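Here is the structure we will look at.
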Amino acid sequence: MNKPSILVVGAGIFGLWQAFSLARAGYRVRLIEAGCDPFARSSSRWAGAMIAPECEAEGAPHSVRDLGREGLRLWRDTYPGIMSNGTLVVAHARDAGDLARFANMTEGHVAVAGPRIADLEPSLAGRFERGLYFESEAHVDAQKAMSWLVDQLRLLGVDISFETLWKGTSEDVVIDCRGIGAHEDLPSLRGVRGERVLIRTSEVSLSRPVRLLHPRQPIYVVPQGDGRFVVGATVIEREDVGPISLRSALDLLGSAYALHPAFGEASVLEMGAGVRPAFSDNVPRIIVEDGGHLIRVNGAYRHGFLLAPVLARAVADYLSDNRREGPLFAAP
Amino acid sequence: MNVRDQSLHAGRALSVYGETISSRLLLGTAGYPSPAILTSAVKASGAEIVTVSLRREAAGGKAGERFLDIIKDLGVRVLPNTAGCRTPGEAIATAQMARELFGTDWIKLEVIGNDDTLQPDVFGLVEAAGTLSRDGFKVLPYTTEDLSVAERLQRAGCQVIMPWGAPIGSGRGLANVHALTSLRAYFPDVTLIIDAGIGAPSHAALAMELGYDAVLLNTAVAKAADPVKMAAAFASAIQSGRLGYEAGLIPPRDMAVPSTPVAGTPFFDLD
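Chains A and B are the protein sequences, given in the same order. If you're matching positions, the first sequence starts at 1 in the UniProt record's numbering and goes up one per residue. If you're matching positions, the second sequence starts at 1 in the UniProt record's numbering and goes up one per residue.
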């Protein structure tokens with residue numbers, strides 16, 4: 001029997017991984033995207049792109065952590081650009097309680113004191129007395145990883161059209177990966193605003209994502225090479241893609257400055273906001289409709305990069321064996 | 001407060017601007033791991049009133065936001081708050097937006113004076129409370145345990161006063177039990193709700209034993225390892241504390257007093 005032909009709608013991190021995994025499995029795949037490139041309109045371009053299943057367990061259910069561990073493995077097996085330097089979590093002395101809570105909610109970490117922190121991140125020497133080191137975790141540069149996936153798709157012969165809207169199809173199966181763009185078709189989907197800032201400085205260097213805990217505005221700072229750092233991210237229950245608020249900019253940049261005063265001299269390259277698509281439990285889903293002709297993959301929340309490969313594999317498995325099992329196929 | 005005074009309160013239900021509320025736990029809706037967990041926690045808490053931050057979470061007041069639908073679907077009364085406002089003007093504008101959006105004239109009034117401790121600016125608070133009360137709002141002000149400020153708030157039209165236990169999110173419990181006790185004694189007929197600073201169910205139970213009418217909390221539940229279970233824990237602590245208050249606590253003594261006469265027992269320390 002011939003494999004069904006596939007149309008993937010949306011070239012965010014979910015759509016790119018879906019197209020990649022199916023093309024690699026020998027399906028004929030077409031990918032369309034409303035924006036002018038995979039980054040222009042996708043909330044994925046705003047991602048910190050940490051592949052951090054352990055740290056995310058601080059606020060996510062165990063199912064996300066378990067799927068995320070699988071996601072980490074798939075990224076490592078697939079993407080040569082992955083940076084496997086772990087994650088460092090630190091807090092100022094007055095926020096020691098937040099560090100203790102973080103440690104209680106997560107696994108896979110070792111407690112690190114000042115000298116070990118200095119060893120891991122020389123830029124932070126003398127600044128923090130206590131932290132947690134999650135050795136197994138990794139991160140990618142969001143834009144480089146997405147570009148790499150686009151290049152792979154082209155090598156695999158996937159037909160990619162940008163600035164193209166989804167209006168009917170000749171393919172056998174449509175995989176809808178539009179994120180918040182699918183809101184009208186998925187009424188239980190909500191938007192969660194996330195703001196972040198991209199800065200550049202040569203005065204601080206980090207080898208891995210650093211999370212600075214704070215009771216009100218915890219941040220992460222992710223090194224992306226060439227002295228660039230992503231500082232993120234707010235989590236606001238609003239479906240609003242408008243520009244970053246002054247308050248959020250203050251909070252994010254103030255926290256970066258508190259992580260290291262040398263960030264005070266960094267150039268601000270870009271500030272902005274994206275809207276993360278989420279279901280009510282913040283766990284993504286694969287929703288099969290129309291007798292299997294329409295598959296919606298959505299609800300990435302904060303875990304798009306972490307879980308995209310797992311969702312892609314689950315859809316590929318479903319297409320080959322028709323089975324829908326596990327948390328990803330549960331009703332949202 | 002003597003036993004006779006206390007009997008005035010015994011069995012009296014929580015009253016918020018004339019409305020009788022049976023649960024004495026008011027729950028905040030910020031910072032939960034997910035809306036699904038928030039929904040379950042509210043259910044487990046038995047709370048009939050939830051607070052919502054308009055400025056940040058529901059800001060813009062755009063109808064049709066999914067998070068607002070989730071709040072409305074909880075089927076409980078919404079008490080919008082002015083969290084994050086730093087001036088009376090901001091708080092008043094936010095209150096007006098909230099009235100429009102939620103169709104309620106209740107407002108939890110916060111005017112923050114210090115970004116670090118989130119301490120209320122009591123001067124701005126009294127000013128905003130007066131303006132809002134005259135505009136028909138039913139104001140529930142978040143204040144300190146200061147007696148004179150509470151008096152000014154009452155004079156400004158507030159029928160409910162909400163002193164902090166400790167700074168917002170600090171989880172330190174009742175930092176000044178003495179002042180909170182005298183506040184209760186000074187305002188026997190005003191609805192007093194402890195707002196903020198609660199970390200453990202025992203803190204909430206203590207507030208109820210002091211005779212407070214209710215407790216409002218958020219972080220202690222939202223950031224617990226299991227928010228749903230913690231919501232249930234607070235519900236039963238608050239019930240126990242209230243029951244203890246109504247039953248009339250024995251006054252503490254400076255020394256242990258045996259409950260049975262000691263006559264006839266031998267002396268132990270004669271050698």
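C-beta atoms are modelled at their ideal positions from N, C-alpha and C, and glycine is treated no differently. Computed from a predicted model, the values in this text were never measured in an experiment.
Is there at least one Cβ from chain B nearer than 7 Å to residue i's Cβ?
| i | result |
| --- | --- |
| A:Ser267 | no |
| A:Glu239 | yes |
| A:Arg193 | no |
| A:Arg94 | no |
| A:Gly181 | no |
| A:Gly68 | no |
| A:Pro4 | no |
| A:Pro327 | no |
| A:Arg190 | yes |
| A:Pro53 | no |
| A:Gly59 | yes |
| A:Pro218 | no |
| A:Ala330 | no |
| A:Pro243 | no |
| A:Pro115 | no |
| A:Pro215 | yes |
| A:Ala316 | no |
Please classify residue i: is it buried, with 16 or more other beta-carbons within 10 angstroms of its beta-carbon, or exposed?
| i | result |
| --- | --- |
| A:Glu203 | exposed |
| B:Ala59 | With a pLDDT of only 47 at B:Ala59, under the threshold of 50, the placement of this residue in the model should not be trusted, and no figure is reported. |
| A:Val230 | buried |
| B:Glu100 | exposed |
| A:Leu250 | exposed |
| A:His293 | exposed |
| A:Glu163 | exposed |
| B:Asn2 | For B:Asn2, the pLDDT reaches just 47, beneath the cut-off of 50, and the residue's location in the model is therefore unreliable, leaving the point undetermined. |
| B:Tyr245 | buried |
| residue 277 of chain B | Outside the displayed range of chain B (1 to 271) lies residue 277 of chain B, so it cannot be described from this structure. |
| B:Asp115 | exposed |
| B:Ser148 | exposed |
| A:Asp226 | exposed |
| A:Arg196 | buried |
| B:Tyr32 | buried |
| A:Ser170 | exposed |
| B:Ile250 | exposed |
| A:Glu56 | buried |
| B:Cys85 | buried |
| B:Asp121 | buried |
With a threshold of 7 Å between beta carbons, is residue i in contact with chain A?
| i | result |
| --- | --- |
| B:Pro33 | yes |
| B:Ala36 | yes |
| B:Gly18 | no |
According to DSSP, what are the bridge partners of residue i?
| i | result |
| --- | --- |
| A:Asp317 | DSSP, once it has assigned bridges, lists no residue as partnering A:Asp317. |
| A:Glu289 | A:Leu294 |
| B:Trp106 | B:Lys138 |
| A:Asp176 | A:Val9 and A:Arg296 |
| A:Ala103 | Its beta-bridge partners do not exist; DSSP assigns none. |
| B:Ala143 | Position check: residue 143 of chain B holds Thr in this sequence, whereas Ala was assumed. In DSSP, B:Thr143 forms a bridge with B:Pro163. |
| A:Ile199 | A:Phe229 and A:Val268 |
| B:Pro120 | B:Ile112 |
| A:Tyr220 | A:Arg211 and A:Gly232 |
| A:Tyr133 | A:Leu88 and A:Val110 |
| A:Ile51 | A:Ala138 |
| B:Glu19 | B:Val16 |
| A:Gly194 | A:Gly274 |
| B:Pro80 | B:Val52 |
With 7 Å as the threshold, decide whether the Cβ of residue i is near any Cβ in chain E.
| i | result |
| --- | --- |
| A:His303 | Among the chains of the structure shown, chain E does not appear; the protein chains present are A and B. |
Problem - Interface residues of the stretch 62-95 of chain B facing chain A [CB-CB below 9 Å] - result: Result list: Lys62, Gly64, Glu65, Arg66, Phe67, Leu68, Asp69, Ile70 and Gly84.
Exercise for the section: Check each residue of the stretch 151-172 of chain B: if its Cβ is closer than 7 Å to any Cβ of chain A, include it; give the result in chain order. Expected result: Correct list: Gly169.
Exercise for the section: Anything in the stretch 274-295 of chain A with a Cβ closer than 9 Å to a Cβ of chain B? List those residues in chain order, please. Expected result: Listed by position along the chain: Ala278, Phe279, Ser280, Asp281, Asn282 and Val283.
Handout entry: the stretch 261-277 of chain A touching the stretch 50-59 of chain A, judged by at least three CB pairs closer than 8 Å
Key = A contact is defined here as three or more CB-CB pairs under 8 Å, and the stretch 261-277 of chain A fails this definition with respect to the stretch 50-59 of chain A.
Practice task
Could you say if the stretch 19-30 of chain B and the stretch 300-312 of chain A meet the contact criterion of at least three C-beta pairs nearer than 8 Å?
Solution key: Touching, no.
Problem - Touch test, the stretch 176-196 of chain B against the stretch 134-154 of chain B, Cβ-Cβ under 8 Å, three pairs minimum - result: They touch, by the three-pair rule.
Handout entry: Three or more C-beta pairs below 8 Å linking the stretch 23-37 of chain A and the stretch 146-164 of chain A
Key = Judged by Cβ distances under 8 Å, the stretch 23-37 of chain A makes contact with the stretch 146-164 of chain A, as three or more pairs qualify.
Handout entry: Contact the stretch 53-65 of chain A vs the stretch 184-191 of chain A: 3+ CB pairs below 8 Å
Key = The stretch 53-65 of chain A vs the stretch 184-191 of chain A: no contact.
Exercise for the section: State whether the stretch 130-138 of chain A contacts the stretch 108-116 of chain A, with contact taken as three or more CB pairs (one from each stretch) at a distance under 8 Å. Expected result: Short answer: they touch.
Problem - Three-pair Cβ contact test at 8 Å for the stretch 319-326 of chain A versus the stretch 129-140 of chain B - result: The answer is no - the stretch 129-140 of chain B does not touch the stretch 319-326 of chain A, with fewer than three Cβ pairs under 8 Å.
Exercise for the section: Evaluate the contact criterion for the stretch 65-82 of chain A versus the stretch 96-103 of chain A: three or more CB pairs, one atom per stretch, below 8 Å. Expected result: Using a Cβ-Cβ distance cut-off of 8 Å, the stretch 65-82 of chain A and the stretch 96-103 of chain A are not in contact, since fewer than three pairs of beta carbons, one from each stretch, lie closer than that value.
Handout entry: At least 3 beta-carbon pairs within less than 8 Å: the stretch 190-200 of chain B vs the stretch 215-226 of chain B
Key = As far as the Cβ criterion goes, the stretch 190-200 of chain B touches the stretch 215-226 of chain B, which means the pair count is three or higher.
Problem - Residues in the stretch 220-253 of chain B having any Cβ partner in chain A nearer than 9 Å - result: For the stretch 220-253 of chain B, which is checked against every Cβ of chain A, the residues closer than 9 Å are Lys223 and Ala225.
Exercise for the section: Could you run through the stretch 98-126 of chain A and flag, in chain order, every residue whose CB is less than 8 Å away from some CB of chain B? Expected result: Listed by position, the residues of the stretch 98-126 of chain A near chain B (Cβ gap below 8 Å) are Arg101, Asn104 and Met105.
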